[in-house]
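**Student:**
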Amino acid sequence: MSKLKGLATGIGSLPHQDTDDAMDLIFKYIPNAPFWPQLPSRDVREGMIAQFSENIPCLKVNNSGLYFDPRGKEEALEKFYEKAIAADLDYFKISNVYSLGLYKFYQKLTGPRLEAAEFIKLQVTGPFTFAAAINDENDVALLHDEVLMQVVLKALSMKALWQITMFRRFGKKLIMFIDEPYLGCFGSAYTPINREDVIERLNEFTEGLRADDVLLGVH
């Protein structure tokens, strides 16, 4: 842990449209704890919500962004839980269509770049922020639907585990940040969650992610 003191990394999102330009900046200025970039200006699917939405029941993306489509909900839920119970990480992966930066980062972690890295920083959008950002067919946030909130929590946790499994091959310590800007509203009268909810769900979320080579954080 002492190696972390004063070590710089990035939050994830960058304004670039060109993936290689983003890579050059990361490896030049943050060589010791590089991260894969989210590039929402490049593609709407790289926004912090849409990027982690693949194979989550009823969630679709078009040119305007992410939206909820209730058609085939029961069948989608059944398939989802089959994959979750089977721990099918490939089903929960983030494809290169949704994150070109992740795959480019993986490819470029070689030679001097890999040698310079003391840590590799990864990220996933947290369940509260994700579920609060999407409304169902009744215009109610998924945060208020116990079934879909649990689906979101499980899906995002699996996507985080998929990243950890993918980058573990480099033999470096990993940092996994859970992006939860929604919790900045915690304590407000307008936030429908309490302290116990937050602790319980984040504990559940991180249960399968804890390991000696993984540092977990929330911001």
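Residue numbers (the UniProt record's numbering): 1 to 219. For each residue, glycine too, the CB sits at the ideal point set by N, CA and C. These figures come from a predicted structure and were not determined experimentally.
Using DSSP's beta-bridge definition, name the partner residues of I164.
**Tutor:** Start at 1 with the first residue of the sequence shown, and residue 164 comes out as number 164. None; I164 has no bridge partner.
**Student:** Just verifying my parser: in three-state terms, what is the DSSP assignment at N62?
**Tutor:** Indexing the sequence shown from 1 puts residue 62 at position 62. Correct three-state label for N62: strand.
**Student:** So, for A155: in the same chain, excluding its five sequence neighbours on each side, which residues have a beta-carbon less than 6 Å away from its beta-carbon?
**Tutor:** Looking up residue 155 in the sequence shown gives position 155. Closer than 6 Å at Cβ, skipping near neighbours: I56.
**Student:** In this structure, how does DSSP classify S99 when only helix, strand and coil are distinguished?
**Tutor:** Here residue 99 refers to the residue found at position 99 when the sequence shown is read from its first residue. Of the three classes helix, strand and coil, the one that applies to S99 here is coil, per DSSP.
**Student:** List the endpoints of the continuous beta strand (DSSP E) containing I120.
**Tutor:** By 1-based counting over the sequence shown, the position of residue 120 is 120. Taken as a continuous stretch (DSSP letters only), the beta strand (DSSP E) holding I120 covers 119-125.
**Student:** Sorted by chain position, which residues of the same chain lie with C-beta nearer than 6 Å to A33's C-beta, five sequence neighbours on each side aside?
**Tutor:** As a position in the sequence shown, residue 33 is number 33, starting the count at 1. L7, T9, F119, K121.
**Student:** Is the Cβ-Cβ distance between G12 and F177 less than 9 Å?
**Tutor:** Taking the first residue of the sequence shown as position 1, residue 12 is located at position 12. Taking the first residue of the sequence shown as position 1, residue 177 is located at position 177. Yes. Within cutoff.
**Student:** Which two residues bound the contiguous beta strand (DSSP E) that contains V214?
**Tutor:** Working through the sequence shown from its first residue, we reach residue 214 at position 214. Looking at the DSSP string, the run of the beta strand (DSSP E) that includes V214 is 214-218.
**Student:** Taking the Cβ atom as the reference point for each residue, do D179 and G111 lie within a distance shorter than 9 Å?
**Tutor:** For the purposes of this step, residue 179 is identified with residue 179 of the sequence shown, where counting begins at 1. For the purposes of this step, residue 111 is identified with residue 111 of the sequence shown, where counting begins at 1. Cβ atoms of D179 and G111: not closer than 9 Å.
**Student:** Name the two residues that bound the continuous beta strand (DSSP E) containing I26.
**Tutor:** In the sequence shown, counting from the first residue as 1, residue 26 sits at position 26. Taken as a continuous stretch (DSSP letters only), I26 belongs to no beta strand (DSSP E), being part of the alpha helix (DSSP H) at 19-29.
**Student:** Taking Cβ positions only, does P57 come closer than 9 Å to chain D?
**Tutor:** Considering every chain present, this structure includes no chain D. It has just one protein chain.
**Student:** Pull up the DSSP beta-bridge partners for N135, would you.
**Tutor:** For the purposes of this step, residue 135 is identified with residue 135 of the sequence shown, where counting begins at 1. Answer is A141.
**Student:** Going by the CB atoms, is the gap between D136 and G192 shorter than 9 Å?
**Tutor:** Locating residue 192 in the sequence shown gives position 192, counting from the first residue. Locating residue 136 in the sequence shown gives position 136, counting from the first residue. First, the residue type needs correcting, since residue 192 is Pro and not Gly in the sequence shown. No, these two residues do not count as a Cβ contact at 9 Å.
**Student:** Three-state secondary structure (DSSP) at K173?
**Tutor:** Against the sequence shown, residue 173 aligns to sequence position 173. Strand.
**Student:** Where does A211 sit, in a helix, a strand or coil, going by DSSP?
**Tutor:** For the purposes of this step, residue 211 is taken as residue 211 along the sequence shown, with counting starting at 1. Here A211 sits in strand by DSSP.
**Student:** Leaving out five residues before and five after E204 in sequence, what residues of the same chain have Cβ atoms less than 7 Å from its Cβ?
**Tutor:** The residue labelled residue 204 in the question sits at position 204 within the sequence shown. L153, listed in sequence order.
**Student:** From H16, P15, L215, pick the residue whose C-alpha is nearest to that of Q123; which is it?
**Tutor:** To locate residue 123, count along the sequence shown from 1; it is residue 123. For Q123, the nearest C-alpha among the options comes from L215.
**Student:** Residues bridged to Q38 by DSSP?
**Tutor:** Along the sequence shown, one-based indexing puts residue 38 at 38. According to DSSP, which records beta bridges pairwise, Q38 is partnered with S13.
**Student:** Tell whether a beta-carbon distance below 9 Å holds between K104 and W162.
**Tutor:** For the purposes of this step, residue 104 is taken as the residue at position 104 of the sequence shown. For the purposes of this step, residue 162 is taken as the residue at position 162 of the sequence shown. Against a cut-off of 9 Å, the Cβ pair of W162 and K104 comes out as no contact.
**Student:** Does the beta-carbon distance from A84 to C58 come in below 9 Å?
**Tutor:** As a first step, residue 84 must be located in the sequence shown, where it is residue number 84. As a first step, residue 58 must be located in the sequence shown, where it is residue number 58. No. Outside cutoff.
**Student:** If you compare alpha carbons, which of F186, E54, S99, Q150 is closest to R42?
**Tutor:** Taking the sequence shown and counting its residues from 1, one reaches residue 42 at position 42. Of the candidates F186, E54, S99, Q150, the one whose C-alpha sits nearest the C-alpha of R42 is S99.
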